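Input: a single structure, listed below in structure tokens.
In my numbering, the protein residues as written are 16 to 424.
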């Protein structure tokens, strides 16, 4: 049985799992331009809509921590199949929310986060194990297909919601069709993780290596910046420029897609630089984050809609470099039976950053009130503080990163 399963794995089999991960990423991030739909048509407040980004992470984090170890013990397919069903249910709820209660948006986003967490922890490990043609390319392949979904989702949703009827429903209907297609592709992909017999051993959700000082400074100290700066780039900064934009929903989708697609396109470069023993990738990524936040401050202060695009590019470079850095370092640190669990820990830390726009929706006005300045100025000061704060993990990561070629920080 095992021999026949191995024989069924070809150099292209990983693409079927990659397609399923793409559909998951598509649904996770199509919500970015929908925030403006809910502001415009439903009259929801800024804190209410940005809170949906945070509640998404609240669903994703426990799923990452729990289902990474489950996929290590029970197999990748045993987690990915139900994950797609959960993501499908989430889009159904989000589509129905416009006809029922706005609070269902929170429920749908939480369920979406839970399903995405299930798929990410198991799917990333599955793609790595299916990459028999190029074993070292597994982590990059996983993050590229997921990030491609993250980029395509908001671009498609922005166009659909801006120019087609029923903007609160149509993008989710498209996603439902994609999930069904992804499920059909992945359903019979061979299992790569031997299924353990009996009850799963009682192991901590967080592998011991994740509690070491090396893990903290090489990964954990900067991991929240991965999505923290990316979400600020498309969920916070462009809002200050919408008064000069003709098609605001499509514009927000474009900005979000620029951020995420940039992250996809720079990842091969990041991988080559990491293999060459260049500067630790986390240092490069954090440097781009710092520069991007400064440019974002100018975008907000001058209300220049076009400047949000280069800002998104810089923060997308940051996202791509840091994602590759983290996954490569996780692969170096994890033992085989801990790989799914440690991937889950890393993704959990990155998704903490999804709460940043929600925090900023309260923090920036508070800073403005205390300082006696306008809210725009308060937001600019927050961005500049975030840029300056990037210097601390940059310096520590550079100092603590392994020096051997091929390792990343």
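We put the CB at the ideal spot given by N, CA and C, even for glycine. Given the structure is predicted, the values throughout are model-derived calculations rather than measurements.
Using three-state DSSP, classify residue 145 as helix, strand or coil. As a working mapping, residue 145 is identified with position 130 in the chain shown. Shown here, residue 145 sits in a helix according to DSSP, grouped into three states.
Can you list, in chain order, the stretches of the alpha helix (DSSP H) that have 4 or more residues and sit fully within the segment 41-72? Here the runs fully enclosed are 46-57.
Alpha carbon of residue 155 to alpha carbon of residue 342, nearest angstrom: Sequence index remark: in the chain shown, residue 155 carries index 140 (1-based). Sequence index remark: in the chain shown, residue 342 carries index 327 (1-based). Just so you know, the alpha carbons of residue 155 and residue 342 end up roughly 8 Å apart.
Please state the DSSP three-state secondary structure of residue 29. Taking the chain shown and counting its residues from 1, the one referred to as residue 29 is at position 14. If DSSP states are grouped into helix, strand and coil, residue 29 belongs with the helices.
What do you get for residue 282, buried or exposed, if any count of 16 or more other CB atoms within 10 angstroms of its CB means buried? Along the chain shown, one-based indexing puts residue 282 at 267. It counts as buried.
Report yes or no: do three or more beta-carbon pairs, one from the segment 325-337 and one from the segment 292-310, lie closer than 8 Å? These segments touch.
Start and end residues, alpha helix (DSSP H) containing residue 317: Within the chain shown, the letter at position 302 stands for residue 317. For residue 317, the uninterrupted alpha helix (DSSP H) run begins and ends at 296-317, by DSSP.
Reducing DSSP to helix, strand and coil, say where residue 272 ends up. The residue labelled residue 272 in the question sits at position 257 within the chain shown. Reduced to three states, the DSSP call for residue 272 is helix.
Buried or exposed, going by whether 16 or more other CB atoms sit within 10 Å of the CB of residue 377? Locating residue 377 in the chain shown gives position 362, counting from the first residue. For residue 377, the number of other beta carbons within 10 angstroms of its own is below 16, and it is reported as exposed.
Member of 130, 248 and 222 whose CA lies at the smallest distance from the CA of residue 194: Translated into positions along the chain shown, residue 194 becomes position 179. Proximity to residue 194 across 130, 248 and 222 peaks at 130, based on C-alpha coordinates.
Give the single residue among 55, 38 and 45 whose Cα lies nearest to the Cα of residue 262. The count along the chain shown starts at 1 and reaches residue 262 at position 247. Its Cα nearest to that of residue 262, the residue 55 stands out among 55, 38 and 45.
Kindly indicate which residue of 369, 70 and 45 has the alpha-carbon position closest to the one of residue 242. One-based indexing of the chain shown puts residue 242 at position 227. Taking the Cα of residue 242 as reference, the smallest distance to any Cα among 369, 70 and 45 is reached at 369.
Whole-angstrom C-beta distance between residue 358 and residue 83, which should lie under 8 Å: Residue mapping note: residue 83 aligns to position 68 of the chain shown, counting from 1. Residue mapping note: residue 358 aligns to position 343 of the chain shown, counting from 1. Confirmed, Cβ separation roughly 6 Å.
Do residue 109 and residue 120 have their C-beta atoms within less than 9 Å of each other? Stepping through the chain shown from its first residue, residue 109 is reached at position 94. Stepping through the chain shown from its first residue, residue 120 is reached at position 105. Going by C-beta atoms, residue 109 is nearer than 9 Å to residue 120.
Whole-angstrom Cβ separation of residue 233 and residue 344, contact assumed at under 8 Å? Residue 233 sits at position 218 when you count from the first residue of the chain shown. Residue 344 sits at position 329 when you count from the first residue of the chain shown. Indeed they touch by this definition, with Cβ atoms about 6 Å apart.
Taking the C-alpha atoms as reference points, what is the distance between residue 300 and residue 151? If you number the chain shown from 1, residue 300 lands on position 285. If you number the chain shown from 1, residue 151 lands on position 136. If you draw a straight line from the Cα of residue 300 to the Cα of residue 151, it is about 21 Å long.
Determine the closest residue to residue 144 out of 321, 322, 28 and 268, with distance taken between C-alpha atoms. Along the chain shown, one-based indexing puts residue 144 at 129. Looking at 321, 322, 28 and 268, the one whose alpha-carbon comes closest to that of residue 144 is 28.
Specify, as a first and last residue, the run of the alpha helix (DSSP H) that residue 116 falls within. Mapped onto the chain shown, residue 116 falls at position 101. Looking at the DSSP string, residue 116 is not in any alpha helix (DSSP H), and its letter there is neither H nor E.
Between the Cα of residue 171 and those of 375, 267 and 348, spot the shortest distance and give me the residue it belongs to. Stepping through the chain shown from its first residue, residue 171 is reached at position 156. The shortest C-alpha to C-alpha distance from residue 171 to any of 375, 267 and 348 is the one to 267.
Would you mind sorting residue 321 into buried or exposed? The rule is 16 or more other CB atoms within 10 Å of its CB. Working through the chain shown from its first residue, we reach residue 321 at position 306. By the Cβ neighbour-count rule, residue 321 is exposed, with fewer than 16 other Cβ atoms within 10 Å of its own.
Kindly give me the distance between the Cβ atoms of residue 288 and residue 307, rounded to whole angstroms, as I take these residues to be in contact under 8 Å. The residue labelled residue 288 in the question sits at position 273 within the chain shown. The residue labelled residue 307 in the question sits at position 292 within the chain shown. Actually they do not touch by this definition, with Cβ atoms about 19 Å apart.
Segment contact flag, the segment 122-136 with the segment 32-41, C-beta cutoff 8 Å, min 3 pairs: Touching, yes, given that three or more Cβ pairs across the two stretches are closer than 8 Å.
7 Å CB neighbourhood of residue 332 in its chain, flanking five on each side removed: If you number the chain shown from 1, residue 332 lands on position 317. Here the set comprises 277, 281 and 303.
Which residue marks the beginning of the alpha helix (DSSP H) containing residue 282, and which one marks its end? The sequence position of residue 282 within the chain shown is 267, counting from 1. Counted as a single uninterrupted DSSP element, the alpha helix (DSSP H) harbouring residue 282 occupies residues 282-290.
Do you know whose CA, among 166, 259, 61 and 64, lies nearest residue 42's CA? The residue labelled residue 42 in the question sits at position 27 within the chain shown. For residue 42, the nearest C-alpha among the options comes from 166.
So, is residue 393 buried or exposed, given that buried needs 16 or more other C-beta atoms within 10 angstroms? Locating residue 393 in the chain shown gives position 378, where the first residue counts as 1. Of the residues assessed, residue 393 falls on the buried side of the cut-off, its CB having 16 or more other CB atoms within 10 angstroms.
Looking at residue 400 and residue 279, is the spacing between their C-beta atoms short of 9 Å? As a working note, residue 279 is residue 264 in the chain shown. As a working note, residue 400 is residue 385 in the chain shown. Not in contact: residue 279 and residue 400 (Cβ atoms no closer than 9 Å).
Own chain, CB closer than 8 Å to residue 245, minus 5 neighbours either side, in chain order: Translated into the one-based positions of the chain shown, residue 245 becomes position 230. Cβ neighbours of residue 245 beyond the five flanking positions: 274, 275, 278, 330, 331, 333, 334 and 368.
Alpha helix (DSSP H) runs contained entirely in the segment 236-267, provided each spans 4 or more residues: Correct list: 240-250.
Measuring straight from C-alpha to C-alpha, what distance separates residue 285 and residue 340? Start at 1 with the first residue of the chain shown, and residue 285 comes out as number 270. Start at 1 with the first residue of the chain shown, and residue 340 comes out as number 325. C-alpha separation (whole angstroms): 8 Å.
Less than 6 Å between C-beta atoms, sequence neighbours within five positions excluded: which residues of the same chain meet that for residue 10? With the chain covering only 16 through 424, there is no way to say anything about residue 10.
Extent of the continuous alpha helix (DSSP H) to which residue 101 belongs: The residue labelled residue 101 in the question sits at position 86 within the chain shown. That run of the alpha helix (DSSP H) goes 92-112.
Between the beta-carbon of residue 264 and the beta-carbon of residue 51, is there less than 9 Å? In the chain shown, residue 264 corresponds to position 249, counting from 1. In the chain shown, residue 51 corresponds to position 36, counting from 1. Result yes, Cβ atoms of residue 264 and residue 51 sit closer than 9 Å.
Just to confirm, is the Cβ distance from residue 311 to residue 248 under 9 Å? In the chain shown, residue 311 corresponds to position 296, counting from 1. In the chain shown, residue 248 corresponds to position 233, counting from 1. In this structure, residue 248 lies closer than 9 Å to residue 311 by Cβ.
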